[in-house]
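Quick note on numbering: the sequence shown equals residues 67 to 414 in the numbering used here.
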Amino acid sequence: MPSVEVTCDHWISKVLMVAAYLTLNISLNMVNKWTISIYGFHFPVALSIAHMVFSFVVLAPFMCSKHNREQHYPTVSKQWPGLLFISVCFAMNVGLNNVSLLSISLSLNQVIRASIPVFTALGAIMIENRPPSRQEFLSLLVLVGGVSIAVYEGSATKTSFTGVVLCIIGTMCNGLAMSSIGRLLTEKLDVLRLTFYTAPMSACVLLPFFNKLEAGAFYKYWAQGLGFLGIIFLGCLNALLYNLIHSWVIKATSSVTTTVIGEMKIVLILLLSAIVLGESEVWTVKMMIGCTTAILGFCMYSHSRLLSGPQMAPIVIKGVPELAPSLTDSIRTPLMSGGILAMKQGRG
C-alpha cells in the first residue's frame, strides 16, 4: 500500500538520521580526545579556534546570499549584547573542555559534563527565581553524588585535578548560558545563523589565550610538517556536520526520542573510550560506582523534565556535543542554549 510505503520510508529516514546523529556526536568526542592526547596535537585552544573559523568560512557563501544578507544588519544591531555573551560562553565552554582533555580521560570529562543540569537549575533559581520540582531536586542530588565520587577518584594527581577544574568551569559557563540566554535574545535564530554570528567572535575571545599559551610551541610544531592539517580538517568537518544533523534531528523527532538518544550516547561514549582510547585503567570500583550513580541521576532528571510538561529542545552549536539535547528545555523561556540556543520542538 502507498501509505504503508510512505510510513516505512519515513521511519527509515528517521532511524538513519538518529544513527548519523549518534555517530557524529560520538566521533566528535573521540576525535577531539584522540587528536589532543594520542595523536600529539597538544594545542586545544588552536583546535577550538580552527573549528570556529572553519564553520564561519563554510557558511559564509550561503549566508551572503541575498535573502540572508538582508537579515544580518537588523539582527546584529538589535541582538549584539546577547550574541556577544553567547560567544564568550561558547568560547569558554569549548576551549576549557578541550584543554581539560589534555589531562583527564574522556570518560571523566563526559561524567563531569553530565552535571550540566545542576548548573542550569542553579541559574534558573538565581535568574528566574524558579526552583526545581521535588523530583528534579532529588535527581540532581543523585547526579551530584555520582559526579562527586567520579571526580574525587579521577583527580588523584595535580595534573588531572587541573583538568577537572577546567572542565567544571566550562560546564558552569554552559549552564550559565542556558539559564540566561532567553533574557538576552528576543529573536529566534536557527543554528546556521547563530553559528555564523558567534563563531568569529568566539574565535577572537580565544585568540589572546592562544597567543599567550600555545603560539610559540605551535609554530615550531607547524615547521615540522603539515601532516596534522588533515586530522584537523576531519575534526572541523565532523563538528560542522554534527551541527547540521542535530538541527534536523530536533525538527524530525520528539523530546522523548532526543532524551533516550542522550542516555544511549553517555553509555556508548564511556564504553568506546575504554575500548578505543585505552581508558580502561581509569575504571576503578569507585569510578564505576560514581559513573553509574551519575548516569542514574542524569536519566532521572531528564525523564522528570519530560513528565513536567511541553518541552523545548536546544540546537547546540559545537565544538563539543552535549550529552542530551532535551536537558536544556524550558517551559517559560523562549530561547535556550546547550552551548547556545533552543527553539521549539517540531515533530517533522
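C-beta atoms are modelled at their ideal positions from N, C-alpha and C, and glycine is treated no differently.
Where I170 falls: helix, strand or coil (DSSP): coil
Rounding to the nearest angstrom, what Cα-Cα distance links L125 and N134 in this structure? 11 Å
Tell me which residue opens and which closes the alpha helix (DSSP H) that F109 is part of. First-last for F109: undefined, no H or E at that position.
Rounded to whole angstroms, what is the Cα-Cα separation between L149 and P274? 20 Å
Express the C-alpha separation of S339 and E345 in angstroms, rounding to a whole number. 6 Å
If you draw a straight line from the alpha carbon of S368 to that of N98, how long is it in whole angstroms? Each residue's alpha carbon lies about 26 Å from the other.
Could you spell out the range, first to last residue, of the alpha helix (DSSP H) harbouring T264? 257-279 is the span of the alpha helix (DSSP H), which, as asked, contains T264.
Run through DSSP, which three-state label would C357 get? helix
Do G236 and N163 come within 8 Å of each other at the CB atom, strictly closer than that value? Yes, they are a contact pair.
For the region 181-239, which segments carrying the beta strand (DSSP E) assignment without a break, of at least 3 residues, lie completely within its bounds, in sequence order? Taking 3 residues as the shortest admissible run, the region 181-239 contains no complete beta strand (DSSP E) segment at all.
Would the beta-carbon of T359 fall within 8 Å of that of G212? yes
Could you tell me whether the Cβ atoms of H108 and G301 are closer together than 8 Å? no
Candidates V119, A243, L172: closest to P183 by CA position: A243
Just to confirm before moving on: does the CB-CB distance between L272 and A157 stay below 8 Å? Judged by their CB atoms, L272 and A157 are nearer to each other than the 8 Å cut-off.
Could you check what DSSP says for Q137 in three-state terms: helix, strand or coil? In the displayed model, Q137 falls within a helix according to three-state DSSP.
Considering only the beta carbon of each residue, do L204 and I102 sit closer than 8 Å? no
In the structure shown, what three-state DSSP assignment does W77 receive? Looking at W77 - three-state DSSP - the assignment turns out to be helix.
Count the other CB atoms, across all protein chains shown, that sit within 10 Å of the CB of L336; report buried if there are 16 or more and exposed otherwise. buried
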